[in-house]
Every structure is written in structure tokens, then in C-alpha cells.
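Take the sequence shown: its letter number 71 is residue 71 in the working numbering, and every next letter is one higher. See structure below.
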Amino acid sequence: MRGAANFSGFETIRMGMEIAQREHRFFATLARKTRSEPLREIFSGMAQEAIRLYRALRARLGEFSDEGFWDDEEEILPYLQRLPDDLFHAANAVRERLGTLSSDQQALALAIEVEDYLAAYFSRAAGESTHAEGREVFDWLAQTKERQARALRERQVRLVVGREAG
């Protein structure tokens, strides 16, 4: 969290864009691995939601026209794309767990866990942020992830209830 607490609004958005790209791949992978058609649709929808988040973040880059774009951006881009250590380790753990999923229920539980983790991470980062713009973007990302986690939990309940009723 140390590094992210010092992120400006621009840096926070760029980090969010990187996470959205990774989330798109994550949910697309879950959609391919899932046997249940309703879950496949949910994960495909979440992959599309990650694309919408990426585009929303990209649109917000204009809010920070006084920072961000440099003549030597190719040299700086790897820094901006690098995830803070705690997110990097979490991403590696998720990648490992993707390979060991044995049921659709495990896939849905992992998806909820990832969204909850990101919501908590962004919320903590907002609280620790030393930049007002970074804090605002982290807070916005936390709220977005909380909504997505809540939606996944609601779908999980509907799927369980539907299975029990059927």
C-alpha cells in the first residue's frame, strides 16, 4: 500500500486501467472454464464491465491534463503499469487458483473474493492517500468494486435458490 498512497489522480487512474485490463482477462477466463450457462453469462458480463471500467477511467484522464503525459512516456509507462507489491502478489495468487478450480461454485466464490479484495484495497488506499485527486479516484474505484461484488453475491444467491427450487 505504501506506493499507492502516494499516487496522484493520474497515477491512480493508470493503475486502475491496468487492473481493469487484468480483470477483463480474469473474467473471460472464468467464462471459458465455467460449465454453467448462467454463470458463463455472468462472467462474460463482468468481462464487459471491466472494459467499461477501463473506458471510463481512460475518459477521466482528461481531468488531469496538467500531469501525466511526457515526451518520454515509453520509459515511464512500465512504472505506471507496475502494480503495488500487495496487488501484484494477490494477482499471482489468483492466477494460481484459476488453475485449480474444480467447480462453478469455486469460480463464483473466487470472483466475489477478487471484487471484495479490490474494494477493500481501494478503500484503504483512499484513506491513506496523500493526494486529494488520488484519494477521490481510489474512493470511486472502491465504490465501483463494492457494487460489482454486491451484484455477484446477489447473482450467487439467485443461482443457489434457483438450483434448490429446480
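We put the CB at the ideal spot given by N, CA and C, even for glycine. Predicted, not measured: the structure shown is a model, and the values here were computed from it.
- Boundaries of the alpha helix (DSSP H) around His24: 9-33.
- Cβ-Cβ distances below 8 Å link Leu110 to Leu30, Val94, Arg97, Leu98, Leu101 in the same chain, with the five nearest sequence neighbours on each side left out; the list follows chain order.
- In the DSSP assignment, Leu108 falls within the unbroken alpha helix (DSSP H) covering 104-128.
- Straight across, the Cα-Cα distance linking Leu57 with Glu11 is about 11 Å.
- In the three-state DSSP reduction, Leu101 falls in the coil class, being neither helix nor strand.
- About 7 Å separates the Cβ atoms of Val114 and Phe26, confirming a contact at the 8 Å cut-off.
- The three-state reading of DSSP puts Ser36 in coil, since its state is none of H, G, I, E or B.
- Of the residues Ala5, Arg32, Ser8, Glu49, the one whose Cα lies closest to the Cα of Ala20 is Glu49.
- Judged by their CB atoms, Ala47 and Ala59 are not nearer to each other than the 8 Å cut-off.
- When the five nearest sequence neighbours on each side are left out, the beta carbons in the same chain lying within less than 7 Å of the beta carbon of Arg155 are those of Ile42, in order along the chain.
- When only Cα atoms are considered, Ser103 and Phe138 end up about 33 Å apart.
- Looking at the backbone, the Cα of Glu23 and that of Ala90 are separated by about 12 Å.
- Looking at Arg40, Ala120, Glu133, the one whose alpha-carbon comes closest to that of Gln143 is Ala120.
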